[in-house]
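Notes follow the structure.
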Amino acid sequence: MTHDKIAMFGTGHLASYVVPGLLRGVEPDRVLLSPRSLQTSRKLALQYDLEVAADNATLVERSTVVLLAVRPFQIEEACAGLPWREDQLVISLCAGVPLETLLNHIAGPRIVRSIPVTAAKFGASPTILFPDDMAAREVIGHWGPVVATDDEAQFESMAVAATFFGWLQKLTGVFHAEIVGSGVPNDSARLLVSQMMAAAGTAVREQPDIDIDDLVQDLCLPGSYTGHGLDVLLEANAFEPWKDAYEAVLAKANSTAD
Ligand SMILES: NC(=O)c1ccc[n+]([C@@H]2O[C@H](COP(=O)([O-])OP(=O)(O)OC[C@H]3O[C@@H](n4cnc5c(N)ncnc54)[C@H](OP(=O)(O)O)[C@@H]3O)[C@@H](O)[C@H]2O)c1
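Written out as structure tokens, the structure reads:
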């Protein structure tokens, strides 16, 4: 029996995205699932030909890397009394749970924190990591580009930024509805708005030496439609609520971590 598995500890909503993401670069026989919750665990096992551990102790015993994805309040009960070892790496995906808290519940292994978004399933999740760790990068790199930091406060700020992922999809939906409403077929509109969102990201990523405001200004030539629409947005203070939303989530995250 091999003991070099990558364990998925907690098979809920997040696991149903990160497991297929992991399988983009890892053979199914290296992945071991925790038995709970039984329904998702069995579904994932059947869908991807994966093994389910008999119990959490077996899961930990047979693994070198453990992806921890239980709810924060479940960590203590889930992790207590398990056969943790010093040669293991635990990658906690639990949002808002500081390293210090994790160390109180998991004695022995090296522990890092990471937050992917569900686009991990498609290898497209910008995935944050604290602290930086080569072995962790090898695992989570299958989910998408890794953004690492050795500063836990920076990690929390970036974890909150992961909420943009949902908000940007909402915005994409608004444009999609407008375009469909003007008579464009659904699939054309969907391809257009999704790729436009990706194109905006690519333009920002690929021109790191140019200030983002300058990139926008470059599109707002006199008389341009982009500039005209941007004036309407600025007149309505349309970007302020986005900043308010970020700050509200950051404050909530900081108060939970206290
Ligand atoms: N969902 C996301 O998009 C997302 C994104 C970033 C980070 N996260 C983080 O990921 C973690 C999981 O979130 P989630 O949304 O996937 O929650 P979830 O759907 O509730 O999944 C948690 C899973 O852990 C299982 N579990 C609980 N106690 C266990 C135990 N003692 N042994 C084995 N398994 C146990 C639960 O089983 P039962 O159902 O039987 O309780 C459930 O299957 C959270 O800490 C969250 O902060 C989630």
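In the numbering used here, the protein residues as written are 224 to 481.
Glycine included, each C-beta is placed from N, C-alpha and C at the ideal position.
(request) Could you check if Val275 is buried or exposed, using at least 16 other CB atoms within 10 Å of its CB as the buried criterion? (result) If you number the sequence shown from 1, residue 275 lands on position 52. Val275 should be labelled buried.
(request) Please check if any C-beta of chain C sits within less than 8 Å of the C-beta of Glu379. (result) You won't find chain C in this structure, because it holds only one protein chain.
(message) List, from N- to C-terminal side, the alpha helix (DSSP H) runs of 4 residues or more that fit wholly inside the region 227-296.
(response) Every unbroken stretch of the alpha helix (DSSP H) spanning 4 or more residues and falling wholly within the region 227-296 is given here in chain order: 238-245, 261-271, 279-284.
(message) Please state the DSSP three-state secondary structure of Thr225.
(response) Here residue 225 refers to the residue found at position 2 of the sequence shown. Three-state result, Thr225: coil.
(request) Kindly examine ligand 1 and report whether one of its heavy atoms sits closer than 7 Å to the Cβ of Ala280. (result) Counted from its first residue, the sequence shown places residue 280 at position 57. Ala280: no, Cβ never under 7 Å from ligand 1.
(request) Spatial neighbours of Val293 within its chain, please: CB distance less than 6 Å, with the 5 preceding and 5 following residues excluded, ordered by chain position. (result) By 1-based counting over the sequence shown, the position of residue 293 is 70. In the same chain as Val293, and ignoring 5 residues on each side of it, the C-beta atoms closer than 6 Å to its own belong to Gly233, Ala301, in chain order.
(message) Tell me the residue span of the beta strand (DSSP E) that contains Thr425.
(response) Numbered from 1 along the sequence shown, position 202 holds the residue referred to as residue 425. Premise fails: Thr425 lies in the alpha helix (DSSP H), 409-429, not in any beta strand (DSSP E).
(request) Could you tell me whether any non-hydrogen atom of ligand 1 is closer than 7 Å to the CB of Pro251? (result) In the sequence shown, counting from the first residue as 1, residue 251 sits at position 28. In this structure, ligand 1 has no non-hydrogen atom nearer than 7 Å to the beta-carbon of Pro251.
(request) Specify whether the region 355-369 and the region 379-389 touch according to this definition: at least 3 beta carbon pairs, one from each stretch, less than 8 Å apart. (result) Here the region 355-369 makes no contact with the region 379-389; the two share fewer than three CB pairs at distances below 8 Å.
(message) Quick check on the DSSP output: the beta strand (DSSP E) that includes Ile338 runs from which residue to which?
(response) As a working mapping, residue 338 is identified with position 115 in the sequence shown. Segment 333-338, the beta strand (DSSP E) holding Ile338.
(request) Could you tell me if the beta carbon of Ile338 falls within a distance shorter than 7 Å of some heavy atom in ligand 1? (result) As a first step, residue 338 is located in the sequence shown; it is residue number 115 there, counting from the start. The beta carbon of Ile338 sits closer than 7 Å to at least one heavy atom of ligand 1.
(message) Comparing C-alpha positions only, which one of Pro306, Ser348, Phe345, Asp373 sits nearest to Val335?
(response) Mapped onto the sequence shown, residue 335 falls at position 112. When each option's Cα is compared against that of Val335, the closest is Asp373.
(request) Return the residue from the list Phe388, Leu237, Ala330 that minimises the CA-CA distance to Gly424. (result) Along the sequence shown, one-based indexing puts residue 424 at 201. Nearest C-alpha to Gly424: Phe388.
(request) Take Thr449 and list the residues in its own chain whose beta-carbon comes closer than 6 Å to its own, dropping the five residues that flank it on each side. (result) The residue labelled residue 449 in the question sits at position 226 within the sequence shown. So the qualifying residues of the chain are Leu442, Cys443.
(request) Please name the residue in Ile338, Arg413, Trp390 whose C-alpha comes closest to that of Ala400. (result) If you number the sequence shown from 1, residue 400 lands on position 177. Residue Arg413 is the option with its Cα nearest to Ala400.
(request) Can you say whether Ala371 is buried or exposed, counting buried as having 16 or more other CB atoms within 10 angstroms of its CB? (result) Looking up residue 371 in the sequence shown gives position 148. Buried, since its Cβ has 16 or more Cβ neighbours within 10 Å.
(message) With three or more beta-carbon pairs closer than 8 Å as the criterion, would you say the region 296-316 touches the region 457-476?
(response) The way I'd put it, the region 296-316 doesn't touch the region 457-476; fewer than three beta-carbon pairs between them come closer than 8 Å.
(request) Would you mind sorting Gln270 into buried or exposed? The rule is 16 or more other CB atoms within 10 Å of its CB. (result) Reading the sequence shown from its first residue, position 47 is the one you call residue 270. It counts as exposed.
(request) Could you tell me whether any non-hydrogen atom of ligand 1 is closer than 7 Å to the CB of Ala292? (result) Locating residue 292 in the sequence shown gives position 69, counting from the first residue. Ala292: yes, Cβ under 7 Å from ligand 1.
(message) Under 8 Å: do the region 326-342 and the region 359-366 share three or more Cβ pairs, one atom per stretch?
(response) With a cut-off of 8 Å, the region 359-366 and the region 326-342 count as touching, because enough Cβ pairs lie within range.
(request) From the DSSP output, in three-state form, read off Phe345 for me. (result) Translated into the one-based positions of the sequence shown, residue 345 becomes position 122. Helix.
(message) Using a Cβ-based criterion (distance less than 7 Å to any ligand heavy atom), does Thr395 qualify as near ligand 1?
(response) The residue you call residue 395 lines up with position 172 of the sequence shown. No.
(message) Pull the bridge partners of Phe378 from the DSSP assignment, please.
(response) Numbered from 1 along the sequence shown, position 155 holds the residue referred to as residue 378. BP columns for Phe378 are empty, so no partner.
(message) Considering only the alpha carbon of each residue, which of Gly406, Ala426, Val427, Ile402 lies closest to Leu415?
(response) Residue mapping note: residue 415 aligns to position 192 of the sequence shown, counting from 1. Among Gly406, Ala426, Val427, Ile402, the Cα nearest to that of Leu415 belongs to Ile402.
(request) Please classify Ala385: does DSSP put it in a helix, a strand, or coil? (result) Within the sequence shown, residue 385 is the residue found at index 162, counting from 1. Looking at Ala385 - three-state DSSP - the assignment turns out to be coil, as it is neither helix nor strand.
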